[in-house]
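Have a look at the structure below, then the notes.
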Amino acid sequence: MTADGHPSGSWSIGLDIGGTKVLGVLLDDDATVRGSVRVPTRLGTDGVVAAAAEVVERLCGAAGITPAELAGVGAGVPGLVDPVTGEVSHALNLDIHEHGVRLAPLLAAELQGVPVSVENDLNVAAVGAARVLGLRGDLAFLALGTGVAAGLLLGGELRRGHGGGAGEIGHLPYDSTGPLCPCGQRGCLELYASGSAIDAAWPSRTGRPAAAEVFAAASEGDATAIGIRDRFTDAVAAAVRLLVLTCDVEHVVLGGGVAEVGAPLLDAVCRQVRAQADGSPFLRSFRIADRVQVVPGGVPVAPIGAALTARGAVRRRSSVEPVGS
Ligand SMILES: [Zn+2]
122 MTADGHPSGS
132 WSIGLDIGGT
142 KVLGVLLDDD
152 ATVRGSVRVP
162 TRLGTDGVVA
172 AAAEVVERLC
182 GAAGITPAEL
192 AGVGAGVPGL
202 VDPVTGEVSH
212 ALNLDIHEHG
222 VRLAPLLAAE
232 LQGVPVSVEN
242 DLNVAAVGAA
252 RVLGLRGDLA
262 FLALGTGVAA
272 GLLLGGELRR
282 GHGGGAGEIG
292 HLPYDSTGPL
302 CPCGQRGCLE
312 LYASGSAIDA
322 AWPSRTGRPA
332 AAEVFAAASE
342 GDATAIGIRD
352 RFTDAVAAAV
362 RLLVLTCDVE
372 HVVLGGGVAE
382 VGAPLLDAVC
392 RQVRAQADGS
402 PFLRSFRIAD
412 RVQVVPGGVP
422 VAPIGAALTA
432 RGAVRRRSSV
442 EPVGS
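Residue numbering for the sequence shown follows this note's numbering, beginning at 122 and increasing consecutively.
This is the structure we're talking about:
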């Protein structure tokens, strides 16, 4: 029972564990956000578990419940994740360099045994974006942040791929004569379509995010900003086109830090998508621009999706348990 008298048995908590912060939300049984907490990330396995547990305990404390009363806790993590075992590998932004760190069991042990599920952060963002935007068809969540990658929700299920690497489109070469990428190839999409690419091209002048400055200056006619914006959005449009041509997704949702730009980003990307289809009746027939949306500003889709995923994991687990166990 919560502080305001609501039963809490189907409430869940979702965590987005990033390189700088852990953002958590408490969802009630209608998937309404009942609380949110943000703490700085502590690095390494022990630090990540401690920060995640702190967020869960603070969310529960504010609602007047204990972690044991939750239906589940879900965590989105940047790295390769085995969602069955809850193991995380090579989450370099979290300073987890090992293979097969048992994050879900470790966190569950800190939280009175509450069921914990762990997923890739873009996968949970795809689930959250579908929920927040009310989208039912196949969906790709395209994150434009430090890097570029996509989460894929196809046929109502996450498409993780053979080794958990589905959607790593940021390392598809976009300009094979371009600069060397840390991955070892040249001219990867990520070097052009990421927030980092904008940061590198336009050092912030006001302390606001560089992407916001670039789009504002471009709308006022600044030639340098227009050039940076158009180069960036051409690469984003190439990523969108790739996702539609590969999976024929009905929706491509733009997320990540750059998505805070909002409508001007969507307009510029759609303009480039149409320009790329100029002269190609084949490409125009896909009506790609009609499929693109942007995450609403300030809506924490990743933790919301993590909480929803945790709830699904609980249902799956109970459905395979023999009667009477
Ligand atoms: Zn690369």
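C-beta atoms are modelled at their ideal positions from N, C-alpha and C, and glycine is treated no differently.
When you compare each of the options to residue i by their alpha carbons, which one comes out closest?
i: Val416; options: Ser406, Arg432, Thr298, Ala380; result: Ala380
i: Leu387; options: Gly140, Ile409, Cys368; result: Ile409
i: Leu227; options: Glu219, Val237, His218; result: Val237
i: Val177; options: Thr141, Gly272, Ser133, Thr206; result: Ser133
i: Ala184; options: Arg163, Ala196, Val158; result: Val158
i: Gly320; options: Glu175, Arg307, Glu334, Cys302; result: Going by the sequence as given, residue 320 is Asp instead of Gly. Checked all of Glu175, Arg307, Glu334, Cys302; the closest Cα to Asp320 is Glu334.
i: Gly299; options: Leu293, Arg307, Leu147; result: Arg307
i: Phe353; options: Gly249, Asp296, Gly182; result: Asp296
i: Leu375; options: Pro204, Ala270, Leu180, Leu310; result: Ala270
i: Pro324; options: Ala314, Glu311, Ser340, Ala346; result: Ala346
i: Asp351; options: Arg329, Ala322, Thr206, Val365; result: Ala322
i: Gly168; options: Gly400, Arg155, Gly140; result: Gly140
i: Ala247; options: Asp343, Ala431, Gly426; result: Gly426
i: Leu260; options: Arg223, Asp369, Asp411; result: Asp369
i: Glu289; options: Gln397, Val239, Phe336, Thr367; result: Thr367
i: Thr267; options: Ala152, Leu310, Gly282; result: Leu310
i: Glu278; options: Gly284, Gly291, Arg257; result: Arg257
i: Val154; options: Cys181, Glu175, Ala174, Gly207; result: Cys181
i: Ala189; options: Val420, Leu232, Ala171; result: Leu232
i: Val198; options: Leu224, Glu175, Ala359; result: Leu224
i: Ala356; options: Glu371, Gln393, Ser406; result: Gln393
i: His283; options: Pro402, Leu147, Asp203, His372; result: Asp203
i: Arg432; options: Ala229, Ala396, Gly193; result: Gly193
i: Ala359; options: Ala337, Gly418, Leu404; result: Leu404
i: Leu201; options: Gly234, Arg412, Thr162, Ala287; result: Ala287
Identify the residues that DSSP records as bridge partners of residue i: which are they?
i: Ser406; result: Per DSSP, none; premise fails for Ser406.
i: Gly195; result: Gly135, Ser238
i: Gln306; result: For Gln306, which the question treats as bridged, DSSP gives no partner whatsoever.
i: Phe262; result: Gly272, Val374
i: Arg223; result: Glu208
i: Val413; result: Val373
i: Pro294; result: Cys309
i: Ile217; result: Ala212
i: Val202; result: Val209
i: Leu243; result: Looking at the DSSP assignment, Leu243 forms no beta bridge with any residue, so it has no partner.
i: Pro301; result: The residue asked about is misnamed: residue 301 is Leu in this sequence, not Pro. According to DSSP, Leu301 bridges with Arg307.
i: Glu278; result: Leu275
Do residue i and ligand 3 come close, with the Cβ less than 7 Å from some heavy atom?
i: Val146; result: What this structure holds is ligand 1, not ligand 3.
(request) Considering only heavy atoms of ligand 1, list every residue whose Cβ is less than 6 Å from one of them, following chain order. (result) His292, Cys302, Cys304, Gln306, Cys309, Glu311
(request) Would you list, in sequence order, the uninterrupted alpha helix (DSSP H) runs of no fewer than 4 residues that lie entirely inside the region 134 to 191? (result) 165 to 184
(request) Jot down the residue ranges of each uninterrupted beta strand (DSSP E) in the region 327 to 383, minimum 3 residues, whole runs only, in chain order. (result) 372 to 376
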